[in-house]
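Worksheet for the structure shown next.
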Amino acid sequence: MDRVEGLRKLSGRELYVDDLQVKDCLWGATVRSQNARGRITSIEFGASVDWSEFVIVDHHDIPGPNEVASIERDQPVLAADEVRHVGEPVVLLAHPSREMVRRAAREVQVHVEPRPAVLDYRLEPTPEQIQFGDDNLLRQLRIEKGDVEAALAEAAQVVEGVYETGAQEHVYIETQGMLASVDNGVLTVRGSMQCPYYVLSALMHALNRGQERTRVVQSPTGGGFGGKEDYPSVIALHAALLALKAKRPVKLIYDRGEDMLATTKRHPSRVRHRTGLDAEGRLVAQDIEVLLDGGAYVTLSPVVLSRAIIHAAGPYHCPNVRIRGAVRLSNLVPFGAFRGFGAPQTQFANERHLDVVAGAIGMDPIDLRRRNLIQEGQATATGQVIADGADRQRVIDRALVLADYQEKKQEHRRFNAEHSYLRRGIGLASFYHGAGFTGSGEVHLASKLHLAGLPDGTVEIRSAAAEMGQGVLTVHTKLACDRLGVGPECVRIAEPDTARVPDSGPTVASRSAMIVGRLIEDACDDLRRRLGVEAETIGEPFRDTLRAWHRQHPGEELLGVAKYRRPAGLVWDDQAYQGDAYGAFAWSVNVAEVEVDLRTFTTRVIDFVAVQEVGKVLNETIARGQIQGGVVQGIGWALLEECTWSEGRFVNGQLTNYILPTSADTCPIRVEFHESAYEHGPQGAKGIGELPINGPAPAIANAVADATGANPTTIPLTPERLMELLLHADAC
Ligand code: MTE
Ligand code: MOS
268 MDRVEGLRKL SGRELYVDDL QVKDCLWGAT VRSQNARGRI TSIEFGASVD
318 WSEFVIVDHH DIPGPNEVAS IERDQPVLAA DEVRHVGEPV VLLAHPSREM
368 VRRAAREVQV HVEPRPAVLD YRLEPTPEQI QFGDDNLLRQ LRIEKGDVEA
418 ALAEAAQVVE GVYETGAQEH VYIETQGMLA SVDNGVLTVR GSMQCPYYVL
468 SALMHALNRG QERTRVVQSP TGGGFGGKED YPSVIALHAA LLALKAKRPV
518 KLIYDRGEDM LATTKRHPSR VRHRTGLDAE GRLVAQDIEV LLDGGAYVTL
568 SPVVLSRAII HAAGPYHCPN VRIRGAVRLS NLVPFGAFRG FGAPQTQFAN
618 ERHLDVVAGA IGMDPIDLRR RNLIQEGQAT ATGQVIADGA DRQRVIDRAL
668 VLADYQEKKQ EHRRFNAEHS YLRRGIGLAS FYHGAGFTGS GEVHLASKLH
718 LAGLPDGTVE IRSAAAEMGQ GVLTVHTKLA CDRLGVGPEC VRIAEPDTAR
768 VPDSGPTVAS RSAMIVGRLI EDACDDLRRR LGVEAETIGE PFRDTLRAWH
818 RQHPGEELLG VAKYRRPAGL VWDDQAYQGD AYGAFAWSVN VAEVEVDLRT
868 FTTRVIDFVA VQEVGKVLNE TIARGQIQGG VVQGIGWALL EECTWSEGRF
918 VNGQLTNYIL PTSADTCPIR VEFHESAYEH GPQGAKGIGE LPINGPAPAI
968 ANAVADATGA NPTTIPLTPE RLMELLLHAD AC
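Here you go:
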């Protein structure tokens, strides 16, 4: 099936929020803190501007609590007395001219009496730096299986390591933006977002409005990658506050510099491993400590931490595991959701560490992984028994064959011995990703979906799922088509508009195909039940019945309804952190081949293989695109994308100096799927959207280690970092 919105996007007809032409619209702008932390002493409006032309909003204009409703309510909509990070919003302006409002924003000075800021989350804060609880630490989480200390004491070998990863900016193609207007007392906010119902609850909370007077519409969204999971609530609130005060529509669109300065990024991490092995190289103990930089506010950090620790031990069997995780707040921008949601950080550490372990015990890194890879019937760290019929050894086999792993190893030995300054190497990572919300998350979400049967015999899917390039419109259309036996011309997807669609949950956690897709199938069945026809009634007979129903019930609405049902047998204990963390895991192996230039210390990825077990593939082209896109994002995170901070300010927040991989930096990425139906997924599908970002960084770092003999433990592995390593290690 062709991508449903593909032609609209290719031809430039798709209207993103900034493209919408609105009569009498004002432009909004945001005045931000220039300090990492301090008390606001005064706000000075420059004398060169005629302020009577502007609508000006500060925290006094907020009708309800000055809180962005999220997991915690610690983040203000607009800073009132104190600021906690550079770029924190303080004052909002609106004006008919986009240029004028931007210039005016530069004429507002927020004067701050600085307070000691936390600029390195790895250091214990001093008493003056405490801003949350008594140690700046958020809820700490722990997973415990067996007896780690006893197992470490008896282990034949114990290998330790510490691994660090940096922040990462999402760089979605479309920057963030919202349009707010009030019509007949109903506040409508449209914009780029992943989660219309999150935005709705944030508006209702801080603006003190009921749902009947508040409406959120997702406009076509040019990429999200997690960056439009929580932050759109902030921009929606700002646009709404301006529109309510101005009594005119207001557009608030971030340019790239503002977006990069102020919005969330991937959590930096530090992970310690202490690993015990028996004489045959079997894992007997994994002791893992995870620390994430939360940034200035809590936002989604507790759930990112949860996913991080659940994935920290990797797709392996080990009888004794202890994983302790914490998030420490700092005074950098709030860190938030980014594809993978903590799992890439901890699996970077685990997969890099396994190569270090292999070196220390004199075992081949592939053999080490094969020996420990989780088998049918064995349990993960949380005690989830894996019995999905997926052939994980075969995923490794295929990746090695596709990558010519053994031949390349030989070839590299010759190449490296002969070449004066180029070194080639190959590295592997084996990893997994759980789809859907963690633990009882999906039960609490209790997602709902409607399928309207229309008088002309077509159907309309009503869900809150957001298309952001990942192909959900196409996949959802296909699922309804196949269930009803009709063509794509008979299936429409409603615009995600909270006034029209039920809450099918946020478009996150790779859940839209697997969880929401299943609801589409259920809603199709429910629609047929309501029509009083058999499950076999599909295609034209189904459409005829639908038309006939409407002739008999003129003006009435016919809805097939579906609600999330937890698959039987899934059990999760939120207190003990034990049980079935996810309905399904997707499994993958990446092999990266690199070439390092010892003159410049640059690393090029020259070949890449990604083999994965994702249940049944629903659309091969889109699935391939998901894997290739995730791999390229992983290459960037591993080698190029460095967030540099100075006094808490993101100093390379422009596309000229935040270095992203382009097509010129990208080698062929060879993708292969292994399919085995997942019983509870629609047509047997599992989630796939985030999986591919977990593997590239460790595979590449392992390849660099193979090429140079260095032991990289920190990414991004920039030329500067690699130079330090190689010059100090004397390894080349
Ligand atoms: N692919 C594209 N093209 N654009 C995106 O913004 N987001 C990723 C992934 N793939 C994203 C993407 C993230 S973070 C998630 S959680 C999933 O898509 C969400 O979509 P799904 O639920 O349809 O898998
Ligand atoms: Mo994805 S990080 O769950 O939006």
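Here the sequence shown is numbered in the numbering used here, starting from 268 and rising by one per residue. Just so you know, even glycine gets a beta-carbon here, dropped at the ideal spot from N, CA and C.
With DSSP as the reference, label residue i as helix, strand or coil.
i, result
"Phe875", "strand"
"Asp792", "helix"
"Pro343", "coil"
"Thr923", "coil"
"His679", "helix"
"Ala507", "helix"
"Ala231", "The question about residue 231 has no answer, for the chain in this structure spans 268 to 999."
"Gln288", "coil"
"Thr869", "strand"
"Cys999", "Because the pLDDT of Cys999 is 43, which lies under 50, any placement of that residue in the model is unreliable, and the number read from its coordinates should be weighed accordingly. Here Cys999 sits in coil by DSSP."
"Gly896", "helix"
"Ile857", "Reading the sequence as shown, one finds Asn at residue 857 and not Ile. Note: Asn857 maps to strand in three-state DSSP."
"Lys532", "strand"
"Phe615", "helix"
"Ala546", "coil"
"Pro755", "helix"
"Lys512", "helix"
"Lys715", "strand"
"Met268", "coil"
"Ala776", "coil"
"Phe381", "In the sequence as displayed, the identity of residue 381 is Pro instead of Phe. It is a strand residue."
"Arg606", "coil"
Residues in the same chain with beta-carbon distance under 8 angstroms from residue i, minus the five sequence neighbours each way, listed in chain order, please.
i, result
"Thr933", "Val872, Val899, Ile902"
"Arg523", "Thr442, Gln921, Leu922"
"Tyr688", "Asp864, Leu865, Arg866"
"Leu984", "Thr870, Ala905, Leu906, Ile967, Ala968, Val971"
I'd like to confirm something about residue i: is its beta-carbon nearer than 7 angstroms to some heavy atom of the ligand MTE, or not?
i, result
"Thr774", "yes"
"Met460", "no"
"Glu957", "yes"
"Gln396", "no"
"Arg606", "yes"
"Ala780", "yes"
"Met445", "no"
"Gly896", "yes"
"Gln893", "yes"
"Val768", "no"
"Gln737", "yes"
"Ser777", "yes"
"Gly273", "no"
"Gly490", "yes"
Skipping 5 residues on each side, what residues in its chain have a beta carbon closer than 7 angstroms to that of residue i?
i, result
"Ala998", "Its pLDDT being 45, under 50, Ala998 is placed unreliably by the model, and the measurement read from it follows with that caveat. Result list for Ala998: Thr975, Gly976, Ala977, in chain order."
"Leu508", "Val324, Asp328, Ile329, Leu359"
"Gly806", "Gly752, Val753"
"Leu419", "Val425, Arg541, Gly543, Ala552, Asp554"
"Lys675", "Ile693, Glu860"
Just checking my contact of residue i with residue j at CB under 8 angstroms: how many whole Å lie between their CB atoms?
i, j, result
"Thr980", "Glu431", "7 angstroms"
"Pro722", "Arg636", "About 58 angstroms separates the two Cβ atoms, so there is no contact after all."
"Ile577", "Ala848", "5 angstroms"
"Ala575", "Val557", "6 angstroms"
"Ser500", "Ala529", "Actually they are not in contact, since the Cβ atoms of Ser500 and Ala529 sit about 14 angstroms apart, beyond 8 angstroms."
"Ser707", "Gly772", "Not confirmed; about 14 angstroms, so no contact."
Enumerate in chain order the residues of its own chain whose CB-to-CB distance from residue i is below 6 angstroms, with the five nearest sequence positions on each side excluded.
i, result
"Arg275", "Glu281"
"Asp764", "Val484"
"Asp387", "none"
"Val918", "Thr911"
"Pro343", "Asn333"
"Asn475", "Pro330, Gly331"
"Leu740", "Val271, Glu272, Glu734, Ile760"
"Met630", "Gly548"
"Ile520", "Asp285, Gly444"
"Cys757", "Thr725"
Examine the ligand MOS and report whether any of its heavy atoms sits within less than 7 angstroms of the Cβ of residue i.
i, result
"Glu441", "no"
"Gly493", "yes"
"Glu496", "yes"
Less than 8 angstroms between CB atoms is the rule here; does residue i satisfy it with respect to chain D?
i, result
"Leu885", "The structure shown contains no chain D, having only a single protein chain."
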